[in-house]
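Novice: In this note's numbering, the protein residues as written are 12 to 665. No residue lacks a Cβ here, since even glycine has one placed at the ideal position from N, Cα and C.
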């Protein structure tokens with residue numbers, strides 16, 4: 012299978028509902044609804060607001076219009092009470108409905124509106140629910156580090172409130188977060204914790220949800236038979252309790268598993284059923300992911316025109332709502348479709364769009380930030396343990412002093428000396444024990460820091476290999492496959508394919524050399540960068556038969572940068588020079604190195620045709636350079652004047 016799309020992995024998320032703690036055991040949702048409606052007449056004031064809201068939330072799994080009706084009714088009741096707390100509770104519920112409808116920005120606005128009011132309430136359950144919903148919204152907006160931070164806040168509140176059902180819910184959400192950054196073992200560990208807790212509690216609804224999450228983890232681990240088995244258990248569970256609209260989630264995982272096992276007809280059936288349910292529910296983000304996968308299934312079945320029509324329509328939907336993960340996977344799908352048609356010009360266009368979207372997502376960097384948050388959370392727990400031990404010491408010392416005073420008041424000098432000796436011995440013993448504990452904790456925290464540094468190094472290397480080489484190799488593989496399929500099309504076709512393969516191979520080799528150069532260094536000097544720039548200049552002069560000269564001027568001095576900043580600085584210089592060669596119509600390009608006021612300053616200037624910056628549409632290359640500069644802390648400025656040329660100015664502190 013071309014890959015189980017990363018977009019979908021982020022969408023099968025538990026949303027804490029903010030409802031009451033009523034357990035769904037043998038009862039169906041219809042029976043639960045009937046029971047809740049019967050109690051409405053007995054409720055008054057704020058209790059009535061929350062009871063009406065709970066009815067609306069139960070309807071989320073059955074009928075979206077009914078859910079919206081009851082939530083609107085709850086807000087009218089809150090308004091009639093003129094109570095900000097109950098308004099905030101319903102704003103949080105509106106946020107959940109907006110998330111269901113695929114509008115995460117709107118959902119976050121509702122939650123932020125409710126946040127200051129609900130935080131003043133200091134209710135652990137309510138705050139845990141709010142933070143979980145905010146975590147889900149931030150994840151849909153690709154703010155993964157913030158998403159994990161809020162999920163840990165939610166977990167802390169549920170633990171403080173001793174709320175087992177929502178502690179399990181936080182485990183489910185944390186499993187989803189770590190699945191997103193391709194940590195399937197850690198993800199499965201959290202899912203199984205949640206499943207066990209829900210089984211003990213006896214909550215059939217969340218047991219079904221947990222089965223589906225476990226299925227998703229097994230898909231990540233490429234154990235597709237197990238994935239199908241757990242997804243089917245989830246589907247049966249939702250059927251039993253009558254959660255009709257929720258069946259779209261296990262159907263999706265059944266489709267993914269069938270796809271991976273090569274059962275394309277079954278996969279197509281399950282995808283269509285899931286899409287129908289998500290359209291009824293109004294989950295736009297899930298629909299985009301499902302339609303992208305279905306387009307890939309059509310491609311596997313040889314239904315190329317059908318795949319193209321579906322992928323193009325869905326790509327437009329993703330662009331309309333500026334949903335970057337959707338643009339990422341759909342541009343990749345369209346590139347594969349046009350390879351198959353074949354239309355290599357369009358295939359390359361969509362491949363470049365995929366590369367640009369992938370670069371903007373920063374998945375590797377966000378993964379590092381999420382793992383760092385986990386380390387931060389665990390470190391905070393260790394620090395709390397140190398404080399607890401110090402408090403015990405203080406209490407122990409106070410107890411000893413009190414005992415001392417009693418003995419002094421009642422006894423003679425000998426007893427006093429014995430007591431003082433005992434106290435000193437006791438204090439030394441306690442001090443030694445405390446120092447041993449603190450040393451052990453400091454060692455553990457140092458080991459955690461070392462692991463964090465190792466992870467950061469691994470992720471930095473992986474990001475550079477992925478961004479600069481992975482996409483080239485992917486497209487090279489596509490060209491090779493295309494050449495195999497078209498071997499009977501004649502010599503001209505094969506020569507065209509071989510030429511493309513050679514071009515991409517040369518680019519890949521060059522970028523791999525640059526990456527290895529950076530990987531082998533803890534620091535990169537400005538002299539290193541200047542030397543690489545001179546090599547680039549020589550390559551361009553050879554490639555253009557001397558028609559374009561790249562002049563490198565200025566003194567680089569002895570300044571050094573860390574490897575991450577140095578590598579990105581060289582990449583920006585390289586891209587700036589290449590852009591000038593391609594577009595400027597200039598015979599001379601200057602790269603000037605300088606150092607002023609403790610800053611390294613580099614200018615890349617051509618003297619070509621320039622462009623109007625007001626009407627110019629920024630392309631992928633410029634966006635990638637800006638992204639690199641922002642990540643590495645490099646000040647980036649581009650200016651251009653028609654008829655005079657273009658200048659890139661770079662500044663970095665030393």
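1. To the nearest angstrom, report how far apart residue 653 and residue 619 are at their CA atoms.
2. Using 10 angstroms around the beta-carbon of residue 562, count the other beta-carbons present and answer buried if the total reaches 16, otherwise exposed.
3. Give me the Cα-Cα distance between residue 15 and residue 225, rounded to the nearest whole angstrom.
4. Using CA coordinates, which residue listed in 145, 136, 141, 198 is at the minimum distance from residue 171?
5. Is residue 305 helix, strand or coil when you go by DSSP?
6. Does the Cβ of residue 46 have 16 or more other Cβ atoms within 10 Å, making it buried, or fewer, making it exposed?
7. I'd like to know if the region 240-259 and the region 59-75 are in contact, where contact means that at least 3 CB-CB pairs between them fall below 8 Å.
8. Using 9 Å as the threshold, is the C-beta distance between residue 285 and residue 259 below it?
9. Keeping to the same chain, check which residues put their C-beta closer than 7 Å to that of residue 202; ignore five residues upstream and five downstream.
10. Buried or exposed, going by whether 16 or more other CB atoms sit within 10 Å of the CB of residue 146?
11. Going by DSSP, what residue range makes up the beta strand (DSSP E) through residue 651?
12. Going straight from the alpha carbon of residue 242 to that of residue 206, what length do you get?
13. Among 261, 295, 238, 300, which one has its Cα closest to the Cα of residue 271?
14. Out of 261, 255, 234, state which residue places its alpha-carbon closest to the alpha-carbon of residue 244.
15. By Cβ distance, which residues of its chain are closer than 6 Å to residue 648, with the 5 residues on each side in sequence left out?
16. How big is the Cα-Cα spacing for residue 81 and residue 66?
17. Would you list the residues sitting across from residue 605 in a DSSP beta bridge?
18. Hey, is the region 113-127 in contact with the region 84-94, meaning 3+ C-beta pairs nearer than 8 Å?
19. By the three-class DSSP mapping on this structure, what secondary structure does residue 150 have?
20. Let me make sure I understand the geometry here. Which of 367, 365, 598, 167 has the alpha-carbon closest to that of residue 617?
21. What ranges does the alpha helix (DSSP H) occupy inside the region 215-287, keeping only unbroken runs of at least 4 residues that lie completely in it?
22. Taking 6 Å as the limit between beta carbons, can you name the residues of its chain near residue 279, skipping five residues before and five after?
23. Rank 89, 68, 88 by C-alpha distance to the C-alpha of residue 79 and give the top, closest one.
24. List, from N- to C-terminal side, the alpha helix (DSSP H) runs of 4 residues or more that fit wholly inside the region 153-178.
25. Quick one: grab the DSSP three-state call for residue 204.
26. Assuming residue 53 is part of the alpha helix (DSSP H), what are its boundary residues?
27. Just to confirm, does residue 82 get its C-beta within under 8 Å of one of the non-hydrogen atoms of the ligand GDP?
28. With DSSP as the reference, identify every bridge partner of residue 534, one or two as the case may be.
29. Beta-carbon within less than 8 Å of residue 645's beta-carbon, same chain only, minus the 5 sequence neighbours each way: which residues are those?
30. Quick check on residue 257: buried or exposed, where buried means 16 or more other Cβ atoms within 10 Å of its Cβ?
31. According to DSSP, simplified to helix, strand and coil, what is residue 656?
32. Just confirm the distance between the C-beta atoms of residue 346 and residue 361, as a whole number of angstroms; I'd bet it's less than 8 Å.
33. Could you tell me the boundaries of the alpha helix (DSSP H) in which residue 331 lies?
34. Could you have a look at residue 311 and say whether DSSP puts it in helix, strand or coil?
35. Report back the beta-carbon spacing between residue 124 and residue 142 to the nearest angstrom; my notes put them in contact at under 8 Å.
36. Would you mind stating whether residue 330 and residue 338 have Cβ atoms separated by less than 9 Å?
Specialist: So, to answer that:
1. Looking at the two C-alpha atoms, the distance is approximately 9 Å.
2. exposed
3. Low confidence applies to residue 15: its pLDDT is 40, below 50, so where it sits in the model is not reliable enough to give any reading.
4. Selected option, being the one with the closest Cα: 136.
5. helix
6. Residue environment analysis places residue 46 among the exposed positions, since fewer than 16 neighbouring C-beta atoms fall within 10 angstroms of its C-beta.
7. yes
8. yes
9. Correct list, in chain order: 183, 186, 221, 224, 225, 228.
10. buried
11. 646-652
12. 13 Å
13. 238
14. 261
15. 660
16. 7 Å
17. 612
18. no
19. helix
20. 598
21. Listed in chain order, they are 215-231, 235-252, 259-271.
22. 308
23. If we check each option's Cα against that of residue 79, 68 comes out closest.
24. Counting whole runs of 4 or more residues, the region 153-178 contains the alpha helix (DSSP H) stretches 155-171.
25. DSSP places residue 204 within a helical segment (H, G or I) once states are collapsed to three.
26. Residue 53 -> no alpha helix (DSSP H), and no H or E assigned at all.
27. As presented, the structure is devoid of all ligands, the ligand GDP included, so that no description of it is given.
28. Beta-bridge analysis with DSSP links residue 534 to 573.
29. 576, 579, 580, 583, 639, 661, 662, 663
30. buried
31. strand
32. 4 Å
33. 315-331
34. helix
35. Actually they are not in contact, since the Cβ atoms of residue 124 and residue 142 sit about 15 Å apart, beyond 8 Å.
36. Closer than 9 Å, so yes.
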